[in-house]
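Keeping their order, the protein sequence lines are chains A and B. The end of the first sequence is residue 296 by the numbering used here, with every number in the run present. The end of the second sequence is residue 296 by the numbering used here, with every number in the run present. Just so you know, even glycine gets a beta-carbon here, dropped at the ideal spot from N, CA and C. Nothing here was measured: the structure is a model prediction, and the numbers come from that model. This report concerns only the one structure given below.
Protein chains: 2
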Amino acid sequence: MAELLKGAPAAKAMTEALRAEADELRAHGVMPCLALLRVGEKEADLAYERGALRRCEQVGIAVQRVVLPADAPQSTLLAELSALSANPGIHGILPLRPLPAHFDDAAVCAAIAPAKDVEGVSPVSLASVYAGVPGTGFPTCTAEACLALLHHYRIPLRGKRALVIGRSLVIGRPVSLLLLSADATVSIAHTKTQDLPALCHEADILIVATGQEGLIGAEHVRPGHVVVDVGIHAAADGTLSGDVRFAEVEPIVDAITPVPGGVGAMTTAVLAAHVIAAAKHTVL
Amino acid sequence: MAELLKGAPAAKAMTEALRAEADELRAHGVMPCLALLRVGEKEADLAYERGALRRCEQVGIAVQRVVLPADAPQSTLLAELSALSANPGIHGILPLRPLPAHFDDAAVCAAIAPAKDVEGVSPVSLASVYAGVPGTGFPTCTAEACLALLHHYRIPLRGKRALVIGRSLVIGRPVSLLLLSADATVSIAHTKTQDLPALCHEADILIVATGQEGLIGAEHVRPGHVVVDVGIHAAADGTLSGDVRFAEVEPIVDAITPVPGGVGAMTTAVLAAHVIAAAKHTVL
């Protein structure tokens with residue numbers, strides 16, 4: 013029986029700590045505020061927006077929503093980002109992505125003021141995560157949620173071997189660099205990796221972010237493993253599952269995140285933490 | 013007897029190819045030009061400058077030298093960088109670093125126009141290497157020299173296991189990401205790594221960039237290994253050696269870079285390649 017690394021208790025603890033920080037900011041006359049930009053009405057965006065609004069309400073962060081039609085031109089979105097970047101009442105800016113295909117994603121990311129880039133997508137934020145310089149830019153919320161979960165459950169990282177499976181800019185790369193900054197010995201596997209099961213067995217901690225449903229099973233794990241499953245996949249009947257075959261893996265390993273209810277449940281708490289940190293930065 | 017991965021033949025081949033490209037640029041009316049900024053008269057800077065000048069002459073790149081006194085104020089250096097960034101006749105800008113301690117290194121790096129940042133130190137360049145998006149920013153010359161050397165000697169990378177020992181922003185991090193982009197399975201070790209010899213034995217390729225003279229010896233290697241030694245250390249008598257105990261390691265492994273004459277001999281060729289690429293970009 014593995015320890016279940018549930019997101020909710022970690023998110024709750026984080027939310028409570030953040031609420032105290034938000035109270036203190038308001039006592040200093042600062043109302044922490046997140047600008048949330050949505051283009052169109054995609055269900056995934058609406059679901060994330062609902063979660064973010066709920067979390068911000070719990071913490072005491074105001075949310076300014078900006079909604080553009082799905083066919084809005086690039087110039088309109090850039091103008092909104094520019095205005096929000098210049099607005100001293102806004103501390104964090106989050107455009108829900110992926111954007112419709114006619115947008116130039118790189119230009120959109122670069123248009124967010126680095127100090128307000130709470131999802132860590134601007135070049136300055138990327139450079140900061142890459143350089144491992146804390147305090148100058150935020151990592152992506154999901155990548156940091158993995159670390160926050162491990163931290164909440166007191167999983168030691170220093171000197172441990174962590175294997176990150178997946179090399180995307182949203183998870184694989186930032187989580188690798190965060191683990192490196194936490195003094196783990198980090199390996200990065202991907203579709204061209206040979207003998208993935210053997211590689212997994214060498215590691216102490218597996219961070220699975222492949223985007224492939226059920227890729228990781230009994231053959232990849234051993235007793236002693238801590239498994240963080242970042243994948244989320246919806247079946248036709250609405251059932252959610254991850255990149256890990258939970259029923260197979262859970263009886264073998266020491267600890268594992270459930271899906272749903274693991275990393276995903278932490279993401280909006282990390283987002284709120286970034287908004288609070290950005291707001292605090294304005295009064296320092 | 014290991015194959016010696018000497019830098020000079022690789023640098024020579026690269027220089028010849030670049031000379032042809034420089035000729036073509038001049039035929040299009042573009043004289044490729046590198047601006048080389050030196051602050052003070054440090055011997056290490058002067059040595060690198062001599063090497064860079066020689067390589068640029070071989071390729072057909074003009075070099076504009078800017079020399080400031082060691083006690084020049086930050087504002088003077090920033091003004092020079094700003095003028096060079098705006099000058100259409102300059103294609104690459106290289107401030108020799110580390111700068112004297114009174115300079116704000118991050119501000120200096122950020123003041124280089126990203127398109128001319130041939131040593132890959134500006135945030136946009138860092139973000140580009142981190143994101144693995146080729147063509148938008150250069151990696152550091154030494155990191156790319158490691159890859160160029162492996163490429164010259166036709167060492168396959170795809171699906172191979174590469175261990176990078178060292179996590180600096182100059183070598184460890186960029187070389188890890190370049191190896192990842194080349195489809196290697198990459199691990200990153202550092203001072204907090206446990207049982208480094210065992211980790212080395214799992215890998216096919218070792219990139220050693222620890223800054224510690226002679227750290228890697230017979231206990232770390234096995235037949236089959238390809239060893240790239242990025243370290244360079246000068247003894248009191250002027251003898252140069254690397255992070256690898258060459259005499260011990262060379263009889264065991266399949267291939268190894270000598271020090272001196274390995275990676276170091278490639279660095280200015282990569283610098284020249286970046287200047288040519290930046291100059292070509294201006295006529296595209």
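SER180/A sits in coil when the DSSP states are folded into three classes, being neither helix nor strand. Residues of chain B whose Cβ lies closer than 8 Å to the Cβ of GLU214/A are, in chain order, GLU214. Counting along the chain, the unbroken alpha helix (DSSP H) around GLY19/B starts and ends at 19-39. Looking at the backbone, the Cα of ALA23/B and that of ARG67/B are separated by about 9 Å.
Within a 10 Å sphere around the beta-carbon of THR251/A sit fewer than 16 other beta-carbons, which makes this residue exposed. Counting C-beta pairs closer than 8 Å gives fewer than three between the segment 217-235 of chain B and the segment 140-153 of chain B, which falls short of the contact rule. For the options LEU93/B, GLU15/B, GLN206/B and GLY52/B, the alpha carbon positioned closest to that of ILE105/B is the one of LEU93/B.
Closest option to GLY72/B, judged by alpha-carbon separation, among GLY101/B, ALA34/B, VAL51/B and LEU90/B: ALA34/B. Pairing LEU48/A with VAL78/A, the inter-Cα distance amounts to about 6 Å.
Each residue's CA atom was taken as its position, placing ARG257/A and ILE228/A some 6 Å apart. The alpha carbon of GLY171/A has as its nearest neighbour, out of LEU175/B, SER140/B and GLN206/B, the alpha carbon of GLN206/B. Shown here for PRO263/A: same chain residues with a beta carbon closer than 8 Å to its own, the five before and five after excluded, namely MET13 and ALA14 in chain order.
One thing to note: ALA64/B has its Cβ no nearer than 7 Å to the Cβ of MET43/B.
It is roughly 19 Å from the alpha-carbon of ALA91/B to the alpha-carbon of PRO135/B. Taking a cut-off of 8 Å on C-beta distances, the segment 265-279 of chain A does not touch the segment 195-206 of chain A, as fewer than three cross pairs fall below it.
If you compare the alpha carbons of GLY223/B, GLY236/B and ASP57/B with that of ILE167/B, the shortest gap goes to GLY236/B. In terms of beta-carbon proximity, LEU192/A lines the interface with chain B, with at least one pair separated by less than 7 Å. Here ALA160/A is near VAL282/A, since their CB atoms are less than 7 Å apart. The distance from the Cβ of VAL141/A to that of GLY132/A is about 6 Å, consistent with a contact at the 8 Å cut-off. Between GLU225/B and THR280/B, the alpha-carbon positions lie close to 23 Å from each other. DSSP places PRO270/B outside any beta strand (DSSP E), giving it a letter other than H or E. Flagged as an interface residue toward chain B: LEU138/A, by a C-beta distance shorter than 7 Å.
Exclusion of the five residues before and after HIS293/B leaves ALA127 as the residues of its chain whose Cβ lies within less than 7 Å of its Cβ. Distance from the CA atom of CYS153/B to the CA atom of ALA285/A, rounded to whole angstroms, is 37 Å.
Using a CB distance below 8 Å, the part of the segment 199-224 of chain B facing chain A consists of SER199, ILE200, ALA201, HIS202, LYS204, THR205, GLN206, LEU211 and GLU214, ordered along the chain. At least one beta carbon of chain B lies nearer than 7 Å to the beta carbon of PRO135/A.
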